Every structure is written in structure tokens, then in C-alpha cells.
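When we follow the working numbering, the leftmost residue of the sequence shown carries the number 225, and every step to the right adds one. For each residue, glycine too, the CB sits at the ideal point set by N, CA and C. This structure is a prediction, so every number in the text was calculated from the model and none was measured. Below you'll find the structure, written out as C-alpha cells, and then a few comments.
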Amino acid sequence: MDLFSIKTIKELLTLQGARPRKGLGQNFLISKGVLADILKAANLTKEDTVLEIGSGIGTLTRTLAQSAKKVVAVEKDHAMVKILKETTKDLSHIEVIRGDILSLVKLSFAKLSLTKDYKVVANLPYYITSPVIRLFLEAENKPELLVLMVQKEVSQRICAKPPKMSLLAVAVQFYATPSIISYVKKNCFWPQPKVDSAILKIIPHKQNLGSLSYPNTNPHLREPKFFEVVKAGFKQPRKQLGNNLASGLKLSRQQVETWLTQAGIQPAQRAETLSVQDWLKLSLTKVGIT
């Protein structure tokens, strides 16, 4: 069965009385080259457990199973689950779970049959990209890596450097090192999405940057304070940093100017010009830790 064939995909959907659901971001991969790029980025071994999100008809699922010890395939759509079980029935080391990944992970990693060491590989519905990344990067049991199909523009935002930083870029880079493996044309999917995509690889830090840079500080204080400062700074991205911080943190303009200047940052700068290390320094100096 050729799962890359549009004809085959249509036949499988017809058997279940289904069709691609735009609301669930169902665009099926029809490019073998792109799938090979995903597999290479995941760097799988026969000892790996893989969590696949949004498994669809099983195209990526089957390929992952050829290289991994176990694949836990999570699919939300009832019709897709039926197709998935049929297309993977000859592979006993694939476990198919019907459910919403955001709810399942919040409920319990144990229910997903995940080991301490696992990898996430997914052709994500684009509307859950940010929540999924945040969920796994903030989890106590973080994956070794994530290889995700995301919108091209989102991948560029996540991997940005000053002066093109965003709240999303700072948040991801605080927890991990992201990189773009390759860009994917929209004609590599059926039905075609409206925009091009990218294969994004995210490798979580063994410790977040706050722990690495300031190991003797209180983590329960450090992390919330970091994001409090960052969110205030990006509240109105086109405004000067000094104005945003004064407004968002309820500080006087003079307090903010002194604070920023001591950190080597100009109050007139914009939030997008600061690195993650700049934000970290600001968050720690604000509470008097350094």
C-alpha cells in the first residue's frame, strides 16, 4: 500500500466515510524526500521510544517504526484512528492511542507508555504548535529531542536572533536549542496548505539557562520572574523597552532606566533586540540576586 499516493489516501478516507478536516489541520504528507529528512533529524536507534503526534493515516508512523524500538502514535480524529490501526496492524511495536495530546500529557506520561528517555516526532496540526512545544519543554520528563513539522514563518520566529527576537523565540530558547532542518513546499502535502512548512528540531537543555548561568539561585523564584520580565518587555513590541517595563512591572521610569543601564541595556531599545541572556540578567538583577 502506497501511503504517499493521493489515490490511496482518498480510498482510505472514503472507506471510513471521511475527508480531510481543515479544522484539525489534516494535510497528508506525500513526499518521500521530506519524510527521509524527518527521519534523519530524529536520529533514531533500535533503543528509542518515539511519541508521534497527529499520526493521521500512518505514513510517518510506519517509517518511524522501522527504526525505533516502539512508537506511541497519538491521533485525535476517530476516523483517522480506524485507518491508522488498519495501516499499522502488521507492526506490533506501534501503540495507537486516540486522544488530544495536550490533555493526555497533562493527565499522565505513564498513560502514554513513555519511558524516561523518549523522542517526539510530529507532523503537527499548526494550530497546536506553540502549546505542544511549551508543554514538552516545561514538562518534568522532557523528551531527548523534538522534530516537528511547523509553518515556515513560525520556525523562523522560534530560531530568531537579535534584533528579530519575539516572546516565542525567547521562551523556546530559554529551555532548548532550536534549529531549522529544511523548508518544505506546500505541494508536498495533500490537500495543499496555504503556506510552506519547515522541519524544526528542538533539543531541550539538560538544565534551563537560568540554572546553567546562575546555579546558586532559587529556581522557584528564577523561572517565574524571568517570564514576568520578558512578557512585560514584549507587551507592546514596537514601543521602547523602558516604557514597556515601567508600565508592565509597575515601576517608575527612573527605576527602570537605572536597572537597564546597569545591565548594559539602553532604555530606548526594543524588546526584539535583546538576547535570552540579556533577559536572564534583567530578571535576576530585578530581584536583587546579582
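Helix, strand or coil: which one does DSSP assign to PHE413? strand
How is PRO244 classed by DSSP in three states: helix, strand or coil? coil
State the start and end residues of the unbroken beta strand (DSSP E) segment that holds SER493. Residue identity differs from the one stated: residue 493 is Gln in this sequence, not Ser. Premise fails: GLN493 is in no beta strand (DSSP E) and is neither H nor E.
Output yes if chain B places a C-beta closer than 8 Å to the C-beta of GLY280; else output no. Judged by its chain identifiers, the structure shown contains no chain B, having just a single protein chain.
Note the first and the last residue of the continuous beta strand (DSSP E) segment covering ILE427. Unbroken beta strand (DSSP E) run through ILE427: 421-428.
Output needed for GLN464: all residues of its chain with C-beta closer than 6 Å, excluding positions within five of it in sequence on either side, in chain order. ALA492
I need the straight-line Cα distance from THR312 to PHE450, nearest angstrom please. 44 Å
Which residue marks the beginning of the beta strand (DSSP E) containing MET373, and which one marks its end? 369-375
Are the beta-carbon atoms of ILE423 and ILE262 separated by less than 8 Å? yes
Which runs of the beta strand (DSSP E), 3 residues or longer, sit entirely within the stretch 252-279? 273-277
Cα-Cα separation, GLN479 to GLY472: Roughly 13 Å separates the two Cα atoms.
Which listed residue (ALA363, THR285 and GLY241) has its alpha carbon closest to that of VAL345: THR285
On the three-state DSSP scale, how would you describe GLU364? coil
Inter-residue Cα distance where the pair is LYS455 and VAL500: 13 Å
May I ask which residues mark the beginning and end of the alpha helix (DSSP H) holding ALA487? Taken as a continuous stretch (DSSP letters only), ALA487 belongs to no alpha helix (DSSP H), as it is neither H nor E.
Mind checking whether the beta-carbon of LYS510 lies closer than 7 Å to any heavy atom of the ligand GDP? This structure simply doesn't include the ligand GDP, nor any ligand for that matter.
Given a threshold of 16 other Cβ atoms within 10 Å of its Cβ, counted over all protein chains shown, does LYS225 qualify as buried or as exposed? Here the sequence assigns Met to residue 225, which means Lys is not the residue at that position. It is exposed - the Cβ of MET225 has fewer than 16 other Cβ atoms within 10 Å.
Do LEU268 and ALA292 count as a contact pair if the criterion is CB distance below 8 Å? yes
Should ILE230 be labelled buried (16 or more other beta-carbon atoms within 10 Å of its own) or exposed? exposed
Counting Cβ pairs, one atom from each stretch, are 3 or more of them under 8 Å apart for the stretch 245-265 and the stretch 409-424? yes
Assuming CYS383 contacts ILE404 (C-beta within less than 8 Å), just tell me the rounded distance between them. 6 Å
With distances taken between CB atoms, is the gap from ILE281 to LEU236 smaller than 8 Å? yes
In angstroms with no decimal places, state the Cα-to-Cα distance between MET373 and SER476. 44 Å
Beta carbon of SER279, beta carbon of LEU308: below 8 Å? yes
CA nearest to the CA of VAL396, picked from ASN411, LEU370, PRO387 and LYS256: Nearest to VAL396 by C-alpha distance, out of ASN411, LEU370, PRO387 and LYS256, is LEU370.
Short of 6 Å in beta carbon distance, which residues of its chain neighbour PRO548, apart from the five on each side in sequence? Order them along the chain. Outside the displayed range of the chain (225 to 514) lies residue 548, so it cannot be described from this structure.
For LYS430, the nearest candidate out of GLN290, GLN375 and ALA400 (CA to CA): ALA400
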